[in-house]
Amino acid sequence: MRLSTALCSAVSALSALALLSACGSGSTTSASSGGAPLVGVDYPRSDTDFWNSYIKYTPEYGKKLGLSLKTTNSQNDVAKLTANAQTFISQGVKGIAMAPQDTAAVAPTLAQLEAKKIPVVTVDTRPDTGNVFMVVRADNRAYGEKACRYLGTKLGGKGKVVMLEGGLDSINGRDRTEAFNDCMKKNYPGIKVLGEATNWDGAVAAQKLQTDLTAHPDIRGVYMQSSFALSGTLQLLKQKGLLVGPKDSKHVFVVSNDGIPEELRSIAAGKIDATVSQPADLYAKYALYYLKAAIDGKTFKPGRTDHDSTIIQVRDGLLEDQLSAPLVTADGGTYGGVPSVKSDDTSLWGNNLG
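Put into structure tokens, the structure is as follows:
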């Protein structure tokens with residue numbers, strides 16, 4: 001017995017719908033492959049403007065480099081990162097880019113991926129132990145040094161500053177904190193640094209800054225190790241009548257890290273004074289560039305690159321491409337020997353977001 005033409009068409013449509021539904025299932029997102037190498041990218045978090053910018057750039061560079069992407073978000077949780085890595089393994093990825101926020105606890109996951117010969121590129125952070133194909137980050141000690149030089153110059157080597165530290169379980173938090181403290185002790189011993197651990201939490205940063213400003217009304221500077229603290233810091237300074245222009249004697253000099261658009265606008269408006277532009281666009285580009293290179297069997301050595309950076313050997317078997325991260329100020333001046341670029345410079349990624 002033959003089915004009618006209409007019934008056959010209905011069955012075909014239902015079959016196609018079922019197939020599309022099956023293909024669309026899963027907890028990760030994927031870019032269309034078209035035969036392109038499949039790689040996994042774990043986003044560390046999506047609660048800051050900086051990381052949301054990185055998330056925006058990643059698929060753009062994946063397409064340009066001819067890669068197919070599976071993406072997850074570990075939400076600043078190393079257990080989720082571990083689970084996401086297992087998902088990537090089951091999906092057959094050829095390489096993984098990740099930005100582990102706890103740089104010690106990620107070691108077992110890296111060991112498993114190395115045993116399975118799945119190359120890993122870490123972005124923004126460097127693992128305390130374990131091997132990866134390449135680390136893509138900027139020199140985070142230089143972040144602390146640049147902030148110190150700027151504040152030390154502006155304060156004339158005297159006064160009190162608050163350092164809103166990130167997380168000391170992260171190599172970034174440790175690098176920025178140690179470099180800032182070392183630079184102050186060596187070059188500006190007349191400045192007292194009030195260090196406050198925040199674990200990259202804006203609410204914690206605001207609460208601790210409020211306590212410090214109450215106990216020390218003569219504070220003249222703030223170093224935020226990331227833009228996570230920007231909104232709370234500005235609100236607090238405004239409440240206390242301290243959000244005034246840099247020529248006002250009550251002005252509190254504020255230096256941040258990241259280079260997000262809001263920081264650049266705040267520098268131009270005289271609300272904050274400087275930032276270090278961490279290259280969200282280049283983090284995405286070169287994380288995927290090195291994953292593709294690993295898949296293609298390429299190798300690298302320490303030295304200058306063709307993209308204005310330097311590859312250094314951190315320890316045996318571990319290379320780090322230190323991308324450029326300039327100091328950004330309103331006037332583009334030089335502070336304590338550190339040159340800067342103006343906040344409206346079109347070369348800054350924060351001025352080029354759509």
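Quick note: the sequence shown uses my numbering, first residue 1, plus one each step.
No residue lacks a Cβ here, since even glycine has one placed at the ideal position from N, Cα and C.
No experiment lies behind these values; they were computed from the predicted model shown.
**OP:** For N352, name the three-state secondary structure that DSSP assigns.
**Re:** coil
**OP:** Please name the residue, chosen from T82, T122, A111, that lies closest to L319 on a Cα-to-Cα basis.
**Re:** T122
**OP:** With DSSP as the reference, label L164 as helix, strand or coil.
**Re:** strand
Subject >> beta strand (DSSP E) runs contained entirely in the region 35-63, provided each spans 3 or more residues >> reply: 38-43
Subject >> Exposed unless 16 or more other CB atoms sit within 10 angstroms - verdict on S25 >> reply: For S25, the predicted structure reports a pLDDT of 31, less than 50, and the residue's modelled location is therefore unreliable. A value from the coordinates is still provided. The residue in question, S25, is exposed, as its Cβ has fewer than 16 Cβ neighbours within 10 Å.
**OP:** Tell me, please, whether the region 86-104 touches the region 162-177 by the rule of three or more beta-carbon pairs shorter than 8 Å.
**Re:** yes
Original post:
Exposed or buried, which one is N76 when buried takes at least 16 other CB atoms within 10 Å?
Top reply: buried
Subject >> Cβ neighbours of V135 in the same chain (closer than 6 Å, five flanking residues each side left out) >> reply: T122, R126, E320
**OP:** Measure the Cβ-Cβ separation of G259 and T275 and say whether it is below 8 Å.
**Re:** yes
**OP:** Take M184 and list the residues in its own chain whose beta-carbon comes closer than 6 Å to its own, dropping the five residues that flank it on each side.
**Re:** C148, I191, V193
Original post:
Apart from the five residues on each side of it in sequence, which residues of its chain come closer than 8 Å, Cβ to Cβ, to D273?
Top reply: Y150, K154, P246, F253, V254, V255, I267, T329, A330
**OP:** Between the Cα of S74 and those of T87, L65, S231, spot the shortest distance and give me the residue it belongs to.
**Re:** T87
Original post:
Where Q313 and R137 are concerned, what is the direct C-alpha to C-alpha distance, given to the nearest angstrom?
Top reply: 13 Å
**OP:** Give me the Cα-Cα distance between G159 and S46, rounded to the nearest whole angstrom.
**Re:** 36 Å
Original post:
Under a three-way DSSP split, which group does V132 fall into?
Top reply: coil
Original post:
For Q91, is the classification buried or exposed, using 16 other Cβ atoms within 10 angstroms of its Cβ as the cut-off for buried?
Top reply: exposed
Subject >> Proximity to Q235 [Cα-Cα], best of A203, L264, N84, Y61 >> reply: A203
Original post:
Terminal residues of the continuous beta strand (DSSP E) containing R315?
Top reply: 310-315
Subject >> S277 in three-state terms, based on DSSP >> reply: strand
Subject >> With 16 other Cβ atoms within 10 Å as the buried cut-off, status of Q239 >> reply: exposed
Original post:
Tell me the DSSP bridge mates of L192?
Top reply: According to the sequence displayed, residue 192 carries Lys and not Leu. The partner list for K192 (beta bridge, DSSP) reads K160.
Original post:
P217: buried (16+ other C-beta within 10 angstroms of its C-beta) or exposed?
Top reply: exposed
Original post:
Between the Cα of A79 and the Cα atoms of P100, S324, A115, P59, which residue gives the shortest distance?
Top reply: P100
Subject >> G317 versus T299, T305, L323, S309, residue with shortest Cα-Cα distance >> reply: T299
Original post:
From A31 to K250, what distance separates their C-alpha atoms?
Top reply: Unreliable placement is indicated for A31, whose pLDDT of 46 sits below 50; no coordinate value is reported for it.
**OP:** Report all residues from its chain with a CB closer than 7 Å to the CB of L65; omit the five preceding and five following residues, and keep chain order.
**Re:** L288, Y289, K292
**OP:** State the DSSP-derived secondary structure class of T125, mapped to helix, strand or coil.
**Re:** coil
**OP:** Taking only the alpha-carbon atoms, compute the straight-line gap between G270 and V93 and give it to the nearest angstrom.
**Re:** 47 Å
Original post:
Among the residues of its own chain, which have a CB less than 6 Å from the CB of D139, if the five just before and after it don't count?
Top reply: Q322
Original post:
Where D345 and K208 are concerned, what is the direct C-alpha to C-alpha distance, given to the nearest angstrom?
Top reply: 33 Å
Original post:
V93 lies in the beta strand (DSSP E); which residues open and close that run?
Top reply: V93 -> no beta strand (DSSP E), and no H or E assigned at all.
Original post:
Nearest CA to the CA of L242: which residue from S226, G221, A229?
Top reply: G221
Original post:
Between the Cα of H307 and the Cα atoms of S324, K342, L264, which residue gives the shortest distance?
Top reply: S324
Original post:
Does the beta-carbon distance from V341 to G332 come in below 8 Å?
Top reply: yes
Original post:
Hey, how far is the Cα of A36 from the Cα of G130?
Top reply: 28 Å
Subject >> Boundaries (first-last residue) of the beta strand (DSSP E) holding S256 >> reply: 253-258
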